[in-house]
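> Residue numbers (the working numbering): 69 to 383.
Mind looking over this structure? Questions follow.
Have a look at this one:
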């Protein structure tokens, strides 16, 4: 069967929408895991999940990727050595139906604080400009406004943002040892699985951000089970880390669900190479910045397939 083709003058470049905001976190982890990721770490008990998770957090905090990190776990005291220096105890929650809701509310409060800071800074700059200007006089509206702020009686101090960098707050929540808890049955669990980059929307876009967003890492002893991590969450993962798994049914399920995102043969070949010792792991990036960064052994050893190498654009 043969056919001919002809382009018509419809749906051209003049109909393309403006580029949207990416909501990407301010991060300088070249080739690393994105700050506002949705990362699932799957491995049996004592496989090294928490140790691996702590390495990811430590790398991120070298460059201040996160302003605030939350932890939902029943075992914080035993894991304090892994996360203690990055997480305040007030940001640690016992796993229950409202745990994720409480984290989202905290992120939204940070959002409100940031927008208030921006407004306070705008008011301060306006006040100081008019105070020093010989041309711009205070209007009656200005006098009413600045008097309510208490600035006519004393010169205000310049507002200071509470975190190191002036940006919409960047946050991470780690869910550890939550299988069997009410967390996995919470509607907010589904919310962070599908909308984590859009949590705490901003009133006005700020640079490439339209929301504060929330990075998510969860550690699970099993990839799939009736009372475990939902398929909705698994299918929205941006990254996945797999440790040694002796259960063929779990591996088959994994391969089945990954089929639309990564090549099955590549996955199994990368897995068999990566898992050599007891605590080895395979990292899969589903939307890598370069095809050569799709698979990594133990977070930092690239596993590069010939056809991906041909498409490499990261040198």
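Glycine included, every Cβ here is placed at the ideal spot set by N, Cα and C.
(1) Nearest-angstrom Cα distance between residue 330 and residue 244?
(2) What are the partner residues of residue 385, as DSSP defines its beta bridges?
(3) Roughly how many whole angstroms lie between the Cα atoms of residue 172 and residue 352?
(4) Can you give the Cα-Cα distance for residue 282 and residue 267, rounded to whole angstroms?
(5) Pull up the distance between the alpha-carbon of residue 246 and that of residue 93, whole angstroms please.
(6) With C-beta atoms as the reference, is residue 116 less than 8 Å away from residue 288?
(7) I need the DSSP call for residue 256, collapsed to helix, strand or coil.
(8) Leaving aside the five residues before and after residue 304 along the sequence, list all residues of the same chain whose C-beta is less than 7 Å from its C-beta, in chain order.
(9) Pull the bridge partners of residue 308 from the DSSP assignment, please.
(10) In the DSSP assignment, the beta strand (DSSP E) including residue 299 goes from what residue to what residue?
(11) What are the start and end residues of the alpha helix (DSSP H) that includes residue 189?
(12) Go ahead and label residue 145 buried or exposed: buried means 16 or more other beta carbons lie within 10 angstroms of its beta carbon, across all protein chains shown.
(13) How far does the alpha helix (DSSP H) with residue 138 in it reach, from first residue to last?
(14) Is there contact between the region 348-366 and the region 300-319, where contact requires at least three CB pairs shorter than 8 Å?
(15) So, with DSSP's three-state summary, where would you put residue 147?
(16) In this structure, what does DSSP give as the bridge partners for residue 370?
(17) Applying the criterion that 16 or more other CB atoms from any shown protein chain within 10 Å of the CB defines a buried residue, is residue 362 buried or exposed?
(18) Quick one: Cα of residue 367 to Cα of residue 285, how far?
(19) Just mark residue 374 as buried or exposed, buried being the case when its beta carbon has 16 or more other beta carbons within 10 Å.
(20) Is the region 183-201 touching the region 217-235, taking contact as three or more C-beta pairs under 8 Å?
(21) Rounded to whole angstroms, what's the CA-CA distance from residue 129 to residue 189? Just pull it up for me.
(22) Can you check DSSP and say which residues form a bridge with residue 242?
(23) Under 8 Å, do residue 134 and residue 238 count as touching if we go by C-beta distance?
(24) Judging by CA-CA distance, which residue of 229, 356, 264 and 382 is the nearest neighbour of residue 168?
(25) How about residue 132 and residue 230: are their beta carbons less than 8 Å apart?
(26) Which value, in whole angstroms, describes the spacing of the CA atoms of residue 249 and residue 209?
(27) Following the continuous alpha helix (DSSP H) through residue 337, name the residue where it begins and the one where it ends.
(28) Quick one: what's got a C-beta closer than 8 Å to residue 318's C-beta in the same chain, skipping five residues either side?
(29) Touching or not, the region 268-280 and the region 324-340, by the rule of three or more beta carbon pairs under 8 Å?
By the coordinates alone:
(1) Translated into positions along the chain shown, residue 330 becomes position 262. Translated into positions along the chain shown, residue 244 becomes position 176. Each residue's alpha carbon lies about 26 Å from the other.
(2) Residue numbering for the chain in the displayed model covers 69 to 383; residue 385 lies beyond these limits and cannot be assessed.
(3) Residue mapping note: residue 172 aligns to position 104 of the chain shown, counting from 1. Residue mapping note: residue 352 aligns to position 284 of the chain shown, counting from 1. Straight-line Cα distance between these residues: approximately 27 Å.
(4) Counted from its first residue, the chain shown places residue 282 at position 214. Counted from its first residue, the chain shown places residue 267 at position 199. Their Cα atoms are separated by approximately 6 Å.
(5) Within the chain shown, the letter at position 178 stands for residue 246. Within the chain shown, the letter at position 25 stands for residue 93. Their Cα atoms are separated by approximately 26 Å.
(6) On the chain shown, position 48 is the one that residue 116 refers to. On the chain shown, position 220 is the one that residue 288 refers to. Not closer than 8 Å, so no.
(7) The residue you call residue 256 lines up with position 188 of the chain shown. In this structure, residue 256 counts as helix in the three-state DSSP scheme.
(8) Translated into positions along the chain shown, residue 304 becomes position 236. Same-chain partners within the cutoff: 106, 261 and 262.
(9) Counting from one through the chain shown, the residue named residue 308 turns up at place 240. Answer by DSSP bridge pairing, in chain order: 108 and 352.
(10) To locate residue 299, count along the chain shown from 1; it is residue 231. For residue 299, there is no enclosing beta strand (DSSP E); the residue is part of the alpha helix (DSSP H) that begins and ends at 299-303.
(11) Start at 1 with the first residue of the chain shown, and residue 189 comes out as number 121. Judged by DSSP secondary structure, residue 189 falls within the alpha helix (DSSP H) whose first and last residues are 167-200.
(12) Position 77 of the chain shown, counting from 1, holds the residue named residue 145. Only exposed fits residue 145, as fewer than 16 other CB atoms lie within 10 angstroms of its CB.
(13) Here residue 138 is taken as the residue at index 70 of the chain shown, counted from 1. Premise fails: residue 138 lies in the beta strand (DSSP E), 136-140, not in any alpha helix (DSSP H).
(14) Yes, the region 348-366 touches the region 300-319.
(15) Looking up residue 147 in the chain shown gives position 79. Residue 147: helix per DSSP, three-state reduction.
(16) The residue you call residue 370 lines up with position 302 of the chain shown. DSSP output for residue 370 lists 364 as bridge partner(s).
(17) The residue you call residue 362 lines up with position 294 of the chain shown. Per the 10 Å Cβ criterion, buried.
(18) In the chain shown, residue 367 corresponds to position 299, counting from 1. In the chain shown, residue 285 corresponds to position 217, counting from 1. Here the alpha carbons of residue 285 and residue 367 stand approximately 15 Å from one another.
(19) Position 306 of the chain shown holds residue 374. By the neighbour-count rule (16 or more Cβ atoms within 10 Å), residue 374 is not buried but exposed.
(20) Yes, the region 183-201 is in contact with the region 217-235.
(21) On the chain shown, residue 129 is found 61 positions in, with the first residue counted as 1. On the chain shown, residue 189 is found 121 positions in, with the first residue counted as 1. Approximately 27 Å between the Cα atoms of the pair.
(22) For this step, residue 242 is matched to residue 174 along the chain shown. Within the DSSP bridge table, the entry for residue 242 names 139 and 285 as partners.
(23) For the purposes of this step, residue 134 is taken as residue 66 along the chain shown, with counting starting at 1. For the purposes of this step, residue 238 is taken as residue 170 along the chain shown, with counting starting at 1. Taking 8 Å as the Cβ cut-off, residue 134 and residue 238 qualify as a contacting pair.
(24) Locating residue 168 in the chain shown gives position 100, where the first residue counts as 1. A check of alpha carbon separations from residue 168 across 229, 356, 264 and 382 identifies 264 as the nearest.
(25) Position 64 of the chain shown holds residue 132. Position 162 of the chain shown holds residue 230. Pairing residue 132 with residue 230 gives a Cβ-Cβ distance that is not under 8 Å.
(26) Locating residue 249 in the chain shown gives position 181, where the first residue counts as 1. Locating residue 209 in the chain shown gives position 141, where the first residue counts as 1. Spanning the two alpha carbons is a distance of roughly 55 Å.
(27) Along the chain shown, one-based indexing puts residue 337 at 269. That run of the alpha helix (DSSP H) goes 332-342.
(28) Numbered from 1 along the chain shown, position 250 holds the residue referred to as residue 318. Same-chain partners within the cutoff: 290, 291 and 292.
(29) Result no; under three Cβ-Cβ pairs closer than 8 Å.
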